[in-house]
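Asker: Starting off with a structure, shown below.
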Amino acid sequence: ARCAAEPGASLPAVWLDAPGPDSGPGSAQGAWERLLLRAALRRAECLTQCGAQRLGPGGAARLRVGSALRDAFRRREPYNYLQRAYYQLKKLDLAAAAAHTFFVANPTHLQMREDMAKYRRMSRVRPQSFRDLETPPHWAAYDNGLELLGRQEAGLALPRLEEALQESLAQMESCRAGCEGPEEQQREEEEEEGAGSQGGLYETIAGHWIRVLQCRQRCVGDMATRPGRSFPVPDFLPSQLRRLHEAHAQVGNLSQAVENVLSVLLFYPEDEAAKKALNEYQAQLGEPRPGLGPREDIQRFIVRSLGEKRQLYYAMEHLGASFKDPDPWTPAAVIPEALREKLREDQEKRPWDHEPPQPKPLTHWKDVLLLEGVTLTQDARQLNGSERVVLDGLLTPAECGVLLQLAKDAAEAGARSGYRGRRSPHTPHERFEGLTVLKAAQLAQAGAVGSQGAKLLLEVSERVRTLTQAYFSPERPLHLSFTHLVCRSAIEGEQDQRMDLSHPVHADNCVLDPDTGECWREPPAYTYRDYSGLLYLNDDFHGGDLFFTQPNALTVTAQVRPRCGRLVAFSSGGENPHGVWAVTRGRRCALALWHTWAPEHREQEWTEAKELLKEPEEEEEEEEEEEMPSRDPSPEPPSRRLPRVQDKAGKPPRVREEL
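For the sequence shown, my numbering assigns the number 3 to the initial residue and increments by one for each residue that follows.
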């Protein structure tokens, strides 16, 4: 920043705009080159001297690090080692703080989750020790301001919200400065963006400048991304301005309220709520205030950002560069007309990733329930939520017995579906056994388990899919994404004073953040899952009930007791956080199923298992059916028969996902 302010080192702004129709040769031909390159040389000289003064001989080039090391720090890996070191040194408060700091960025890390639970049970660890040592200043101020607003203390919230905005802008300036870092870092980003150099002087300058602009535009998203998250909070800057103008209005600072609401309108000129608020503030002020306008810092931010966007869109149109605009507020006029249609098509490619599940009226599935002999036990209203249902009668006691025997035989044969240890991945106080449909078919083919159980596993999974689609999604086909027969067994002698859960509270297609109540639909969650189902096989155990909670993962809203043939089905998103109480005695078995709207994520192993279990007579009958019409005047209901496999294309099987 100091070098940019040096006399003679500033770039000539008049030539930084995208080329226009009148930018050809003229009387000042070549003048812009001399000015531009002279400023660049002076800036480089200043930066070289600064680096040598601050960092020693060699400057920044001596301290370059690779992407692997940067990623490790971004994931806060050092804090994982720090907490172990502090623990060994008996510095438990520091160990708890380091563990908490790592856990904030890695909320699905099972070992750290267990370590955190141990620290909370230690009497020598104070509650205030669980603090995030890496919280950026703007997030700390923003969260504190929201907390004060929630307590109706707008006067106390205002300084914190203003601090959050100023720190957000400062964070972006720091990020933007880093975009002009060493060429090694830029070269790694070049491979990601696909905007490579083409060799000549001006092509090289243009390519490097494009990468700098791309990096600067990403700074908005980096600033708006909470620690440990992969995606930014949408419209973070406009949302801060909305909070500010509302808080100013509450305490009677109408002039500042007008400034902030006018700043919102710079982003969204047609925002009805902002225009309505502006009219109310102006009416309360009475006489017009000519000097009252949007905030200067926001005006500068928008003017600069739009100038960079124009250059990037020009590079997209004429140089083949890539650019993904991070801002939803960019005016359509900034985007060249030739690019608008293509960008619109790219946004509409995967509609199922953005469509929320819509509840369907009961008339769509009544006929299916009658056909299956299934009864509706509890609907979403009775379960105090949305997109939830409990259905009974999907299995007979005999069918439950066959599937329980299948799980037992598979466990004795050593099939744990990837879980090599004997203990559960979710709690050290239970054993966990898992069986996929393909593993069951392979064991049946080898004679280790009965083929009747393996075939029933396939049939029942399709039965659940049919019912789930009929209940929740009759107008849009659901596909099985993963099927898992799981048993949890309490370990004797380890249940006294047990405080953990059999399965911690979570959502199935997003990473649940109990502190904020948000659920981030991003890896490592299986984001393509749309509906989940649990079909229970027994009830002769203690504990093990399924429960739903509010997004804080603490307040239980509903609880379901397992029993043979009972299905609990629900949408997989953040509206249905759920967990399982500890199994304290006995063995609890259930069939866990996940469904998806996306056909490319259908379970390939299901098809392979069906092919493995097909009897020779069945293959001959299928060949005859292809040649002759059916002679059976009363075929079985389609829900009781396995559907014909439609996808015979030789696609490579998708790697089996683990629970």
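Backbone N, C-alpha and C fix where the C-beta goes; we use that ideal spot for every residue, glycine too.
Remember, it's a predicted structure, so these values are computed and weren't measured experimentally.
Would you mind giving the Cβ-Cβ distance between R78 and F104, rounded to the nearest angstrom? I have them listed as a contact below 8 angstroms.
Answerer: Yes, R78 and F104 are in contact; Cβ-Cβ is about 5 angstroms, under 8 angstroms.
Asker: Just curious, the alpha helix (DSSP H) that C48 is in, first and last residue?
Answerer: That run of the alpha helix (DSSP H) goes 33-57.
Asker: So, using beta-carbon positions, are R433 and S491 closer together than 9 angstroms?
Answerer: Cβ atoms of R433 and S491: closer than 9 angstroms.
Asker: For the beta strand (DSSP E) holding G588, just list the boundary residues, first then last.
Answerer: Start and end: 585-598.
Asker: Buried or exposed: where does L91 fall if 16 or more other Cβ atoms within 10 Å of its Cβ makes it buried?
Answerer: Exposed, by the Cβ-count rule.
Asker: Tell me the DSSP bridge mates of W522?
Answerer: Looking at the DSSP assignment, W522 forms a beta bridge with V513.
Asker: Between W331 and the rest of its own chain, which residues show a CB-CB distance below 8 angstroms, the 5 nearest in sequence each way excluded?
Answerer: Excluding sequence neighbours, W331 sits near D237, P240, F269, Y270.
Asker: Using only CA atoms, which one of E617, S131, W34 lies nearest to A456?
Answerer: Measuring from the Cα of A456, the nearest candidate turns out to be E617.
Asker: Apart from the five residues on each side of it in sequence, which residues of its chain come closer than 8 angstroms, Cβ to Cβ, to S307?
Answerer: Same-chain partners within the cutoff: Q219, V222, D329.
Asker: Roughly how many whole angstroms lie between the Cα atoms of L321 and P338?
Answerer: So the alpha carbons of these two residues sit roughly 13 angstroms apart.
Asker: Is A3 helix, strand or coil when you go by DSSP?
Answerer: A3: coil per DSSP, three-state reduction.
Asker: Using alpha carbons as the reference points, say which of N108, L65, G202 lies closest to P526.
Answerer: Of the candidates N108, L65, G202, the one whose C-alpha sits nearest the C-alpha of P526 is N108.
Asker: Assign F75 to buried or exposed, taking buried as 16 or more other Cβ atoms, counted over all protein chains shown, within 10 Å of its Cβ.
Answerer: Result: exposed.
Asker: Going by the CB atoms, is the gap between R568 and D394 shorter than 9 angstroms?
Answerer: Contact flag set, yes.
Asker: For K441, count neighbouring C-beta atoms within 10 Å of its own C-beta (all shown protein chains included) and say buried if the count is 16 or more, exposed if not.
Answerer: So K441 ends up on the buried side.
Asker: For a test of the three-state rule: what should DSSP assign to E8, helix, strand or coil?
Answerer: Coil.
Asker: In angstroms with no decimal places, state the Cα-to-Cα distance between L94 and E136.
Answerer: Distance between the alpha carbons of L94 and E136 is about 18 angstroms.
Asker: Please identify the residue among H247, Q552, Q130, D502 whose C-alpha is closest to the C-alpha of T586.
Answerer: Of the listed residues, the one whose Cα sits closest to T586 is D502.
Asker: Can you tell me which of the three DSSP states R418 falls into?
Answerer: Any reading at R418 is ruled out, since the residue's pLDDT is 49, under 50, leaving its predicted position unreliable.
Asker: Put C489 into one of helix, strand or coil per three-state DSSP.
Answerer: Here C489 sits in strand by DSSP.
Asker: Going by CA-CA distance only, name the one from L71, G68, R291, G180 that's closest to V214.
Answerer: Minimum Cα distance to V214 is reached at G180.
Asker: Have a look at Q313, E520, T468, V439 and flag the residue whose alpha-carbon is nearest the alpha-carbon of E613.
Answerer: Closest by alpha carbon: V439.
Asker: Would a C-beta distance cut-off of 9 angstroms place N511 and G575 closer than the cut-off?
Answerer: Against a cut-off of 9 angstroms, the Cβ pair of G575 and N511 comes out as a contact.
Asker: From what residue to what residue does the alpha helix (DSSP H) around S265 run?
Answerer: 256-269 is the extent of the alpha helix (DSSP H) around S265.
Asker: Given a cut-off of 9 angstroms on the beta-carbon distance, is the pair Q286 and L256 in contact?
Answerer: The answer is yes: Cβ separation under 9 angstroms.
Asker: Using 9 angstroms as the threshold, is the C-beta distance between A251 and A276 below it?
Answerer: No. Outside cutoff.
Asker: Could you give the first and the last residue of the continuous beta strand (DSSP E) run that contains T377?
Answerer: Here the beta strand (DSSP E) through T377 covers 377-380.
Asker: Measure the alpha-carbon distance for A592 versus L548 and round it to whole angstroms.
Answerer: So the alpha carbons of these two residues sit roughly 11 angstroms apart.
Asker: Among D145, G58, P9, A448, which one has its Cα closest to the Cα of R45?
Answerer: Looking at the Cα atoms, P9 is the closest of the given residues.
Asker: Give me whichever residues DSSP pairs with F549 in a beta bridge.
Answerer: Bridge partners of F549: Q561, G581.
Asker: The alpha helix (DSSP H) that contains S475, what's its start and end?
Answerer: No alpha helix (DSSP H) holds S475; DSSP gives it neither H nor E.
Asker: Would you call R563 buried or exposed, if buried means 16 or more other Cβ atoms sit within 10 Å of its Cβ?
Answerer: Looking at its Cβ environment, which holds fewer than 16 other Cβ atoms inside 10 Å, R563 is exposed.
Asker: Expressed to the nearest angstrom, what Euclidean distance is found between the alpha-carbon atoms of M1 and E496?
Answerer: Residue 1 lies beyond the range of the chain shown here (3 to 661); nothing can be said about it.
Asker: Is the CB-CB distance between E298 and E577 below 9 angstroms?
Answerer: No, the Cβ-Cβ distance between E298 and E577 is not below 9 angstroms.
Asker: Please return the same chain residues whose Cβ sits closer than 7 angstroms to the Cβ of R478, not counting the five positions on each side in sequence.
Answerer: The residues are W599.
Asker: Look at the alpha carbon of P234 and the alpha carbon of H102, and state the distance between them as a whole number of angstroms.
Answerer: For P234 and H102, the distance between alpha carbons rounds to 21 angstroms.
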